[in-house]
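Read the structure below first, then the notes.
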Amino acid sequence: MKVLAAVACLAAVAAAAVGIGLVERDATVSYNGMTCGAVPCESIPLGMESTVVSFRGNRDYRRILLGFDVPRDPPASCSLMIPRPVEGADYKLAVVETDSNWDEATVSGATKSIDGTRIATVSAPDASVDITDACRRAAGKRLSLFVNTEAQGVTFNSRQSGKDDVFAIQYAYPPPVHD
């Protein structure tokens, strides 16, 4: 009987629909008091670069801002898939849910508040973070997440890089119910 129950459980999991949603918008957002030439660095938009960077130094603090369009149907589970970094190793990242009031081409530290709700912290490359509750709240709308490091810098491909190894969300839906 236990074997039959295990097989039925595995069949249900196998029948669940799984989808991947690549990041729709991404940017590095700089928060610091430094100047880049005659302009405050935090006012410079970095959303159209080929990489996104998270870094925390003494005076320089950069966060990765990610934007996703969440499907209308709330998922059974939802995970942020963190790709391998282009630069950086042995890092620790915090994932923070934030508002979606930003535009990829113009967002900067001067226009985007760092406010948000921490979801989780994760260590090591090729990790994922359970963001199910955030996805459910954003069903049919936009979901924005900050990804920031606790110390050393880490660099990832952005969606503008043209590479497949970018941030993504994996959605899982329950199997359809048949009458």
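In case it helps, mature numbering (1 follows the signal peptide of the UniProt record, and there is no 0) puts the sequence shown at residues -16 to -1, 1 to 163. Virtual Cβ for every residue (Gly too), placed ideally from N, Cα, C.
Mapping DSSP to helix, strand and coil, what is residue i?
i, result
"Asp57", "coil"
"Gln144", "helix"
"Ser27", "helix"
"Ser112", "strand"
"Gln154", "strand"
Starting from residue i, follow the beta strand (DSSP E) in both directions and report where the run begins and ends.
i, result
"Thr116", "Run containing Thr116: none in the beta strand (DSSP E); it sits in the alpha helix (DSSP H), Thr116 to Arg121."
"Asn132", "Arg126 to Thr133"
"Thr101", "Thr101 to Ser107"
"Ala12", "Just to set this straight, residue 12 is Thr in the shown sequence, not Ala. That run of the beta strand (DSSP E) goes Arg9 to Asn16."
"Thr35", "Thr35 to Arg40"
Given that a residue counts as buried once 16 or more other Cβ atoms are within 10 Å of its Cβ, and exposed if not, what is residue i?
i, result
"Lys96", "buried"
"residue 209", "With the chain represented from -16 up to 163, any question about residue 209 goes unanswered, as that position is not in the structure."
"Thr82", "buried"
"Cys20", "exposed"
"Ala118", "buried"
"Val2", "exposed"
Tell me, to the nearest whole angstrom, how far the beta carbon of residue i is from that of residue j; I am working on the premise that it is less than 8 Å.
i, j, result
"residue 192", "Ile153", "The chain is shown from -16 up to 163; residue 192 falls before or after that span and cannot be answered."
"Ile98", "Arg47", "7 Å"
"Val150", "Asn141", "5 Å"
"Thr133", "Pro69", "Contact flag wrong, Cβ pair sits at about 10 Å."
"Val80", "Ile115", "About 11 Å separates the two Cβ atoms, so there is no contact after all."
Taking C-alpha atoms, which residue in the options lies nearest to residue i?
i, options, result
"Asp10", "Pro109, Ala60 and Val91", "Val91"
"Val13", "Ser38, Thr19, Tyr75 and Gly5", "Ser38"
"Gln136", "Pro158, Thr19, Tyr45 and Thr35", "Tyr45"
"Arg40", "Phe52, Leu50, Leu77 and Val54", "Leu77"
"Ala122", "Asn85, Pro58 and Thr35", "Pro58"
Contact criterion: CB-CB distance below 8 Å. Does residue i meet it with respect to chain B?
i, result
"Ser14", "The structure shown has no chain B; it contains just one protein chain."
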